[in-house]
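Asks: In terms of numbering that gives the first Met the number 0, the sequence shown opens at residue 0 and continues consecutively.
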Amino acid sequence: MGKHSTVGLMLLMMAMSSLGNDAVFKSKTADGTVIFSDAPVARDGELQRLAYKDFKGRETATQSCLGATEAVLAARYQDLESSFLSAATEHRLDLALLRAIARTESCFDSQAISRAGAEGVMQLMPTTAASLGVTNAFHSDQNIRAGALYFSKMLKKFNGELPLALAAYNAGPGAVDRYDGIPPFPETKLYIKRVLDQYQKYQASNRTSSRAL
0 MGKHSTVGLM
10 LLMMAMSSLG
20 NDAVFKSKTA
30 DGTVIFSDAP
40 VARDGELQRL
50 AYKDFKGRET
60 ATQSCLGATE
70 AVLAARYQDL
80 ESSFLSAATE
90 HRLDLALLRA
100 IARTESCFDS
110 QAISRAGAEG
120 VMQLMPTTAA
130 SLGVTNAFHS
140 DQNIRAGALY
150 FSKMLKKFNG
160 ELPLALAAYN
170 AGPGAVDRYD
180 GIPPFPETKL
190 YIKRVLDQYQ
200 KYQASNRTSS
210 RAL
């Protein structure tokens with residue numbers, strides 16, 4: 000994917016996260032740069048209105064999971080465990096849930112970049128990361144703490160409803176508000192299922208470990 004396309008997708012995700020958007024505007028500048036926004040951009044070049052329904056949900060960083068065996072995933076998590084523990088404690092999140100989100104998002108790859116432009120372990124969009132005080136999205140501790148903070152905000156916003164909070168983490172809270180529930184985006188629906196499935200596995204593993212003590 001070219002540079003302009005990547006920038007476009009990043010800005011599209013920014014637009015999708017805004018509340019109450021009815022459409023997204025796609026602009027192409029004279030030099031060929033593609034810009035997505037939630038309002039028309041006054042500049043020379045083409046302007047196209049895209050329907051909100053054209054958005055399918057944010058893809059996770061699947062490239063980071065290619066060839067990652069359970070042993071590899073366990074080793075990656077072990078390197079990051081202290082950050083996960085601190086973030087989960089600070090934001091009162093279940094460690095197994097935070098771990099499930101990170102595994103689904105990036106397979107614990109601190110250098111992950113998705114096709115949508117999301118970055119790091121918790122796959123934060125650049126504007127979201129900046130709003131949370133992140134100065135380096137590829138610094139694993141910063142990324143994990145910010146991701147935990149953002150997810151805790153989504154849980155609070157949607158009254159502790161886990162599927163809605165996960166939908167908001169993936170597609171943006173504006174999409175959840177607009178559809179008054181889980182948006183009908185294929186990627187978002189798959190994302191929720193994958194996180195919840197992984198969450199259950201981690202919970203079961205924790206129970207087994209506790210009984211063995």
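Positions of the beta carbon are idealized from the N, C-alpha and C atoms, including for glycine.
All values derive from a computational prediction rather than experimental measurement.
Below 8 Å on the Cβ atoms is my guess for serine 151 versus histidine 90; work out the distance and round it to an integer in Å.
Replies: Here residue 151 refers to the residue found at position 152 of the sequence shown. Here residue 90 refers to the residue found at position 91 of the sequence shown. Going by Cβ atoms, the distance from serine 151 to histidine 90 rounds to 4 Å, so yes, they are a contact pair.
Asks: Which residue marks the beginning of the alpha helix (DSSP H) containing proline 172, and which one marks its end?
Replies: In the sequence shown, the residue the question calls residue 172 occupies position 173. Residues 172 to 178.
Asks: Count the other C-beta atoms from every protein chain shown that fall within 10 angstroms of the C-beta of aspartate 108, then say buried if there are 16 or more, exposed otherwise.
Replies: Looking up residue 108 in the sequence shown gives position 109. Answer is buried; the Cβ neighbour count reaches 16.
Asks: Taking Cβ positions, are leucine 79 and alanine 87 nearer each other than 8 Å?
Replies: Mapped onto the sequence shown, residue 79 falls at position 80. Mapped onto the sequence shown, residue 87 falls at position 88. No, the pair does not count as a contact, with Cβ atoms beyond the cut-off.
Asks: Identify the continuous alpha helix (DSSP H) that holds isoleucine 143 and give its terminal residues.
Replies: Mapped onto the sequence shown, residue 143 falls at position 144. Looking at the DSSP string, the run of the alpha helix (DSSP H) that includes isoleucine 143 is 139 to 156.
Asks: Would you list the one or two residues that DSSP bridges to leucine 123?
Replies: The count along the sequence shown starts at 1 and reaches residue 123 at position 124. Note: leucine 123 sits in a beta bridge opposite Glu118.
Asks: Spatial neighbours of methionine 9 within its chain, please: C-beta separation below 6 Å, excluding the five flanking residues on both sides.
Replies: If you number the sequence shown from 1, residue 9 lands on position 10. With a pLDDT of only 44 at methionine 9, under 50, the local geometry of the prediction cannot be trusted, and the value read off the model is given with reservation. These residues qualify, in order along the chain: Gly116.
Asks: Compute the distance between the beta-carbons of leucine 161 and alanine 145, then report whether it is under 8 Å.
Replies: If you number the sequence shown from 1, residue 161 lands on position 162. If you number the sequence shown from 1, residue 145 lands on position 146. No, Cβ-Cβ distance for leucine 161 and alanine 145 is not below 8 Å.
Asks: Rounding to the nearest angstrom, what Cα-Cα distance links alanine 73 and glycine 66 in this structure?
Replies: Counting from 1 along the sequence shown, the entry for residue 73 is found at position 74. Counting from 1 along the sequence shown, the entry for residue 66 is found at position 67. When only Cα atoms are considered, alanine 73 and glycine 66 end up about 13 Å apart.
Asks: Taking just the CA atoms, how far does threonine 59 sit from isoleucine 143?
Replies: Mapped onto the sequence shown, residue 143 falls at position 144. Mapped onto the sequence shown, residue 59 falls at position 60. Looking at the two C-alpha atoms, the distance is approximately 16 Å.
Asks: Nearest-angstrom Cα distance between phenylalanine 184 and arginine 114?
Replies: The residue you call residue 184 lines up with position 185 of the sequence shown. The residue you call residue 114 lines up with position 115 of the sequence shown. Using only the alpha carbons, I get a separation of about 17 Å.
Asks: Using C-beta distances below 7 Å, list every residue in its chain close to threonine 207, excluding the 5 sequence neighbours before and after it, in chain order.
Replies: The residue given as residue 207 occupies position 208 in the sequence shown. There are no such residues.
Asks: What are the start and end residues of the alpha helix (DSSP H) that includes glutamate 80?
Replies: Along the sequence shown, read from residue 1 onward, the residue named residue 80 stands at position 81. 69 to 89 is the span of the alpha helix (DSSP H), which, as asked, contains glutamate 80.
Asks: So, under 8 Å CB-CB, valine 194 and isoleucine 100 are touching, yes? Tell me the CB distance rounded to an integer number of Å.
Replies: One-based indexing of the sequence shown puts residue 194 at position 195. One-based indexing of the sequence shown puts residue 100 at position 101. So it is a contact: roughly 6 Å between Cβ atoms.
Asks: Hey, out of Gln197, Tyr198 and Val175, whose CA is closest to threonine 187's CA?
Replies: To locate residue 187, count along the sequence shown from 1; it is residue 188. Ranking Gln197, Tyr198 and Val175 by Cα distance to threonine 187 puts Val175 first.
Asks: Does the Cβ-Cβ distance between alanine 136 and glycine 119 come in under 8 Å?
Replies: Position 137 of the sequence shown, counted from the start, is the residue given in the question as residue 136. Position 120 of the sequence shown, counted from the start, is the residue given in the question as residue 119. Their beta carbons are under 8 Å apart, which means alanine 136 touches glycine 119 by this criterion.
Asks: Quick check on valine 133: buried or exposed, where buried means 16 or more other Cβ atoms within 10 Å of its Cβ?
Replies: Counting from one through the sequence shown, the residue named residue 133 turns up at place 134. By the 10 Å Cβ count, valine 133 comes out buried.
Asks: Any idea which residues DSSP pairs isoleucine 112 with across the strands?
Replies: Here residue 112 refers to the residue found at position 113 when the sequence shown is read from its first residue. Glu118, per the DSSP bridge assignment.
Asks: Exposed or buried, which one is alanine 129 when buried takes at least 16 other CB atoms within 10 Å?
Replies: Looking up residue 129 in the sequence shown gives position 130. It counts as exposed.
Asks: So what's aspartate 196 in DSSP terms, helix, strand or just coil?
Replies: As a position in the sequence shown, residue 196 is number 197, starting the count at 1. Aspartate 196: helix per DSSP, three-state reduction.
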